[in-house]
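Colleague: Okay, handing you the structure first.
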Amino acid sequence: MRPLTMSSVIERRLLVNYRVDPAVAAGLLPTSLRPQLVNGWAVAGICLIRLGRLRPSWLPGWAGMRTENAAHRVAVEWDAMGGPQSAVYIPRRDSNSLVAVFAGGRLFPGEHHRASFEVRETARNLHVAFASTDGTAQVSVDIRVAQRLQGSELFADLREASDFFRGGSAGFSATRDSGRLDGLELRADNWVIEPAEVISVCSSFFDDTRLFPAGSAAIDCALLMREIPATWNAIQPTFAVSPTALSLRQWPPAPTRRAE
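Under the working numbering, the letters of the sequence shown match residues 22 to 281, in that order.
Written out as structure tokens, the structure is:
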């Protein structure tokens, strides 16, 4: 079946970004991909996104649904005919939507784990947490909207950060078939990002020293997008797909530890 093109409104998209030792990041990737480096660091993170009016593009907006979703990501690149290409590799997706869990990887790209989410938000403050129902993934994030981007070792300013993430709007995610990746591209004409201050973050992925030895990953910055119409289109990899280093079946459970 041909994958659906989906339309939505990004009600909230929070990107919590880590700078990571490139050798460590490379060990999480399929062999066809390499970490995309910024100032000598690999860039990884967590995307916590609430979609409203999510539906096949041929349906009206009122027929859409609202979902809370999370994706762990690593910025990657590979060599193509026209030169280096960039995207993100996604070893894990989670959602509170039974539809996304059932249909992801079948009707549209992206296999999801079922998870419960907790969200508290005001105009300036945001708390997002989730725990997967199988007990293998937990995240808790608190941020505050800021006036400008500060303290980042990856990006000099907000424009540089915005350009980087807009350039990596395609994502290739792990599936239960270790030799296949699902491809999905975000298209948003109105691309507006706000800087945010990280208050606290804990992640069973980035806090797991089996994946990220001590000192190999550090919080760098957080970015926020709100109320942006977007479409999601299925895409095919333009690189050779080899077995992934970290597939959906290999997600290791780990206790959550707080990193202030």
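Each residue gets a CB set at the ideal place from its N, CA and C atoms; glycine is no exception. The structure displayed is predicted, hence computed values, not measured ones.
Among Trp-79, Ala-65, Arg-127, which residue has its Cα nearest to the Cα of Ala-108?
Modeller: The option with the nearest alpha carbon to Ala-108 is Ala-65.
Colleague: My understanding is that Trp-62 touches Leu-175, with C-beta atoms under 8 Å, so please give their C-beta distance in whole angstroms.
Modeller: The pair is a contact, with the Cβ atoms about 6 Å apart (cut-off 8 Å).
Colleague: By the three-class DSSP mapping on this structure, what secondary structure does Ala-101 have?
Modeller: Reduced to three states, the DSSP call for Ala-101 is strand.
Colleague: State buried or exposed for Met-102, treating a residue as buried only when at least 16 other CB atoms are found within 10 Å of its CB.
Modeller: That one is exposed.
Colleague: Looking at the structure shown, is Pro-51 part of a helix, part of a strand, or coil, going by DSSP?
Modeller: Of the three classes helix, strand and coil, the one that applies to Pro-51 here is coil, per DSSP.
Colleague: Are three or more beta carbon pairs between the region 27-47 and the region 245-253 nearer than 8 Å?
Modeller: Yes, the region 27-47 touches the region 245-253.
Colleague: Please report how far the alpha carbon of Thr-304 lies from the alpha carbon of Arg-55, in whole angstroms.
Modeller: Nothing in the structure corresponds to residue 304, since the chain is present only between 22 and 281.
Colleague: Count the other C-beta atoms from every protein chain shown that fall within 10 angstroms of the C-beta of Ser-263, then say buried if there are 16 or more, exposed otherwise.
Modeller: Answer is exposed; the Cβ neighbour count stays below 16.
Colleague: Around the Cβ of Thr-143, are there at least 16 other Cβ atoms within 10 angstroms (buried) or fewer (exposed)?
Modeller: Its Cβ having fewer than 16 others within 10 Å, Thr-143 is exposed.
Colleague: So Asn-254 packs on Glu-215, CB below 8 Å; how close in whole Å?
Modeller: Wrong, their Cβ atoms sit about 25 Å apart, outside the cutoff.
Colleague: For Phe-151 versus Asp-184, is the C-beta spacing smaller than 7 Å?
Modeller: Not a contact, by the Cβ cut-off of 7 Å.
Colleague: When DSSP labels each residue in this structure, what does Asp-115 get in the three-state scheme?
Modeller: If DSSP states are grouped into helix, strand and coil, Asp-115 belongs with the strands.
Colleague: Using beta-carbon positions only, say whether Gln-57 and Val-120 come within less than 7 Å of one another.
Modeller: Cβ atoms of Gln-57 and Val-120: not closer than 7 Å.
Colleague: How close, in whole Å, do the beta carbons of Cys-242 and Leu-147 come, if the pair is a contact with beta carbons under 8 Å?
Modeller: Not really, about 15 Å apart at Cβ, beyond 8 Å.
Colleague: Could you have a look at Phe-176 and say whether DSSP puts it in helix, strand or coil?
Modeller: Looking at Phe-176 - three-state DSSP - the assignment turns out to be coil, as it is neither helix nor strand.
Colleague: Roughly how far, in whole angstroms, is the beta-carbon of Val-140 from the beta-carbon of Glu-89, given that I think they are within contact range, below 8 Å?
Modeller: About 7 Å; that satisfies the 8 Å criterion.
Colleague: Count the other C-beta atoms from every protein chain shown that fall within 10 angstroms of the C-beta of Gly-104, then say buried if there are 16 or more, exposed otherwise.
Modeller: By the neighbour-count rule (16 or more Cβ atoms within 10 Å), Gly-104 is not buried but exposed.
Colleague: Please state the DSSP three-state secondary structure of Arg-270.
Modeller: Because Arg-270 carries a pLDDT of 45, less than 50, the predicted location of this residue cannot be relied on, and the following value inherits that uncertainty. Correct three-state label for Arg-270: helix.
Colleague: Tell me Asp-203's beta-bridge partners as DSSP assigns them.
Modeller: DSSP output for Asp-203 lists Ser-194 as bridge partner(s).
Colleague: Are Phe-193 and Gly-200 closer than 7 Å when you measure CB to CB?
Modeller: No, the Cβ-Cβ distance between Phe-193 and Gly-200 is not below 7 Å.
Colleague: Does the beta-carbon of Phe-129 have 16 or more other beta-carbons within 10 angstroms, so that it is buried, or is it exposed?
Modeller: Answer is buried; the Cβ neighbour count reaches 16.
Colleague: Write down the C-beta distance between Arg-135 and Ser-153 rounded to the nearest angstrom, noting that I regard them as a contact closer than 8 Å.
Modeller: That pair is a contact at about 7 Å.
Colleague: Go to Ala-167, then tell me how far its beta strand (DSSP E) extends in each direction, as first and last residue.
Modeller: Counting along the chain, Ala-167 falls outside any beta strand (DSSP E), and DSSP gives it neither H nor E.
Colleague: Assuming Leu-75 contacts Ser-29 (C-beta within less than 8 Å), just tell me the rounded distance between them.
Modeller: That pair is a contact at about 4 Å.
Colleague: My understanding is that Ser-78 touches Ala-261, with C-beta atoms under 8 Å, so please give their C-beta distance in whole angstroms.
Modeller: At roughly 30 Å, the Cβ-Cβ gap does not stay under 8 Å, so Ser-78 and Ala-261 are not in contact.
Colleague: Considering only C-alpha positions, which residue in the set Trp-83, Phe-227, Ile-256 is nearest to Arg-40?
Modeller: Selected option, being the one with the closest Cα: Phe-227.
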